[in-house]
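Working notes, beginning with the structure itself.
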Amino acid sequence: MFFITTAIDYTNGVPHIGHAYEKVLTDAIARYRRLKGEEVFFLTGVDQHGQKVQQSAQKQGVAPADFVAGVTEKFLALWRKLDISNDAWAATTDPLHKHCVRAMLRLLWENGDFYKAARAGHYSVRQEQFLTDKERGPDGEFGPEWGEVVLIEEENYYFRLARHRQWLLDLIDARSAAGRPLVTPEFRVAELRNAVEKLAGDLCISRPKSRLEWGIELPFDENFVTYVWFDALSNYASFAGYDPTPGADQSLFRSRWPALHVIGKDILVPPHGIYWPIMLKACGFADDDIPSLLVHGWWNIAGEKMSKSEGNIVDPDALADTFGVPALRHYLLADIAIGRDADFSEERLVQRYNTDLANSLGNLLNRSLSMAKRYRAGSLRRQPDSPLAGFVAEKVAAYSLRMDAFDTQGAIGSAWEIIARCNAYVEESAPWQLAKDPEAAGRLDGVLYSLAEAIRIVSILISPFLPAPAAAIRAQLAWDGPLHMDQCAWGLLADGHRLGDPVPVFPRIG
C-alpha cells in the first residue's frame, strides 16, 4: 500500500494558498499512484489543540471545541471544493487519536524516556515552544517570527531527545546511501543533517493545566497536558491504525505503514525531521519504518512570505470561485518546482489557464472532435500506424519517471509536449485539405484516429491534476475504459469507435 499524508492544518489559522498547494500536490501524487493500480491511503486533517486555540476561543467567548469545529468546517469545505480525494480525515480531538497519544505517552514514560524538571526560559506563544539562545538573532533578540516571547519558570516533563542524536545522523546517512533519502528533494538532506548535528537539549513535552487546559492530558500526571507537536505529529500513526497498547491488533497499521509525509519547508526542522523520527524510534519503530518526508517550498508575494499579520494572505476559496477549480489546480502544480519557492500572481494564473488549458488543450479537443464529426460523422477508422505513436509513448514514459520522483511540474510538461505535438500535427497534415481529395481518405482517417487516440491518452495523464476536466474529455471521446496507466498504450480506441460531440471544457477567462 502507498500511504501518503499532508501536514495537518492548524485550526487557529485560515486556509491560504500554501495549504491549498500542499493538498493539491498530495492529491495529484495519490491519484497517480491509483492510476498505477496501487492501493492508496491518503490522510489529511486538522490540528485542534494548543494554547493559541485556547486563547482565540476565549477572545470569541466560545468553548475551544466549538471554535475548532467552526474552523475545521472551513478546511473541509475547501478541500471538497478543490476535489481533494483523501481517504481519511484526522482531527486531533477524535477519541481514537487521544487514545493513541496517551498510549504512546505511557509507553515512553514506562520506558524511562521522560523526566520531570523545573526550568526557567523564554517561551514563544505563537510557536508554543521554549526557545534557546540559538533562536536569537545577531542582535541578541528573538525575531518577529516567534511572536510574543515571555519568560516562564515552571515544572514540566521532558523527552530525552538528545540521546538519539547519533542514531538520527546515522539514519540520514544510511537512507541517502541506499538511494531513498529521508528527505526529498535531496538538497534538504544537508539542511536536516546540520540541524541534527546541533541537537543538544531535550524536548519539553508538557504544559501545566494552570495555563493550558485545551490539550490531551498526560496519562501519568493529570495536572499536565501534552505539548501540541507531540499531539499533532502522532496523527500520522493514530489514524493509520497504530495502537501501542500491549496486545492491540496492529495488522491494519502494518499494512499501511510507513508513510510519505508531504510538508512545508518551515516544519521540517525541528518537528518532522527531528522530533517525529526520534519519537517513533523511542516507541520501538525499526529504522526501515521511519517515514520519508517530501518537502515543498512556499508561495510568496513579491518574494515575501505570506503572513496574516502582513495582510498578504491569498484566499484559495475566493480564487476557485473567481477562476474555477481547474485554473487553480493547474496553476499550483504547473508553476512551481517541487521543493522551491514561487511568487503567486493572479495574472500568471489566468495566463497559464488561457494558454495551456483553453488554447492548447481545449482548442485541440474541439478541433479534433469537430473534424471527426464533419468528415466522418464522428466515427473513427483505426489505422495500423501513426507518426504520433512513438512520440506519445516516449512522453508517457517520461511522465511516469517524473511522477515517480514527485516532479509534478515536469510530468505536466510531458503531457503538454504531447498536446503541442498534436497541435503541430494538425497544421502539418491539414485535414481540411485531405478531406477534399478522395485518394487521401486513408490518410485523413489516420490523422483523425491519431488525434483522438493521443487526446485519450492525455486525458489519463492529466487526471491526477485535473480530475473533473479529464473526466469531461473522456466523456466527449465516449471512452469509458478503466482509468489506469496501462491504458496509455497506443491503439485502444476500436475501429468504428464513435466520438461524442465537442463541448468547451476550458472556456477562456477574460
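This note's numbering puts the first residue of the sequence shown at 63, with every later residue one more than the last. The beta-carbon is built from N, C-alpha and C at its ideal position, and this holds for glycine as well.
With fewer than 16 other beta carbons inside 10 angstroms of its own, glycine 504 counts as exposed.
In the structure shown, the three-state DSSP call for valine 211 is strand. For threonine 417, the secondary structure class from DSSP, reduced to helix, strand or coil, is helix. Here valine 567 is near glutamine 538, since their CB atoms are less than 9 Å apart. Sequence-distant Cβ neighbours of histidine 226 in its own chain, meaning closer than 8 Å and more than five residues away, are Ile340, Lys343 and Ala344. Across the structure, glycine 174 and aspartate 264 are spaced so that their CA atoms are roughly 14 Å apart. For glycine 205, DSSP records no beta bridge to any residue. Contact between glutamine 116 and proline 126 holds, since their C-beta atoms are separated by about 6 Å, short of 8 Å. Taken through DSSP and simplified to helix, strand or coil, alanine 257 comes out as helix. Here the alpha carbon of serine 272 sits roughly 31 Å from the alpha carbon of tyrosine 304.
Checking the DSSP bridge columns, you'll see phenylalanine 468 has no partner listed. With a beta-carbon spacing of about 12 Å, aspartate 89 and histidine 81 fall beyond the 8 Å limit used to define contacts. With contacts defined as CB atoms closer than 9 Å, leucine 158 and phenylalanine 292 fail to qualify as a contacting pair. Spatial neighbours of threonine 134 in its own chain (CB-CB distance under 8 Å, excluding positions within 5 residues in sequence) are listed in chain order as Thr73, Val108, Gln110 and Ala153.
When the five nearest sequence neighbours on each side are left out, the beta carbons in the same chain lying within less than 7 Å of the beta carbon of isoleucine 571 are those of Phe385, Ala389, Val412, Tyr415 and Asn416, in order along the chain.
In terms of CA proximity to glutamine 189, Pro206 leads the group Lys196, Lys178, Asp195 and Pro206.
Residues of the same chain with a CB within less than 6 Å of the CB of tyrosine 177, apart from the 5 flanking positions on each side, are Tyr220 in chain order. Glycine 373 counts as exposed, since fewer than 16 other beta carbons sit within 10 angstroms of its beta carbon.
For glutamate 284, the secondary structure class from DSSP, reduced to helix, strand or coil, is strand.
Shown here for serine 448: same chain residues with a beta carbon closer than 6 Å to its own, the five before and five after excluded, namely Ser512 in chain order. Counting the other Cβ atoms within 10 Å of the Cβ of methionine 63 gives fewer than 16, which makes it exposed. In terms of Cβ geometry, glycine 440 and glycine 562 form a close pair [threshold 9 Å]. When only Cα atoms are considered, aspartate 418 and threonine 288 end up about 49 Å apart.
Glycine 199 sits in coil when the DSSP states are folded into three classes, being neither helix nor strand. Assigned with DSSP and collapsed to three states, glutamine 312 falls in coil, not helix or strand.
Checking the DSSP bridge columns, you'll see leucine 265 partnered with Phe221.
Asparagine 173 sits in coil when the DSSP states are folded into three classes, being neither helix nor strand. The Cβ-Cβ distance between alanine 321 and phenylalanine 65 falls below 9 Å.
Burial state of histidine 78 is buried, judged by a 10 Å Cβ sphere holding 16 or more other Cβ atoms. Runs of the alpha helix (DSSP H) lying entirely within the segment 84 to 154 and spanning at least 4 residues, in chain order: 113 to 122 and 126 to 143. For phenylalanine 292, the enclosing alpha helix (DSSP H) begins and ends at 290 to 295.
Considered as a whole, the segment 471 to 517 harbours no complete run of any beta strand (DSSP E) with no fewer than 3 residues. For proline 270, the three-state secondary structure derived from DSSP is strand. In this chain, glutamine 538 is not harboured by any beta strand (DSSP E); it is covered by the alpha helix (DSSP H) spanning 529 to 538. When Leu254, Gly359, Val163 and Gln495 are compared, the shortest CA-CA separation from leucine 280 is found for Val163. Cβ neighbours of asparagine 256 within its own chain (closer than 7 Å, five residues either side excluded): none.
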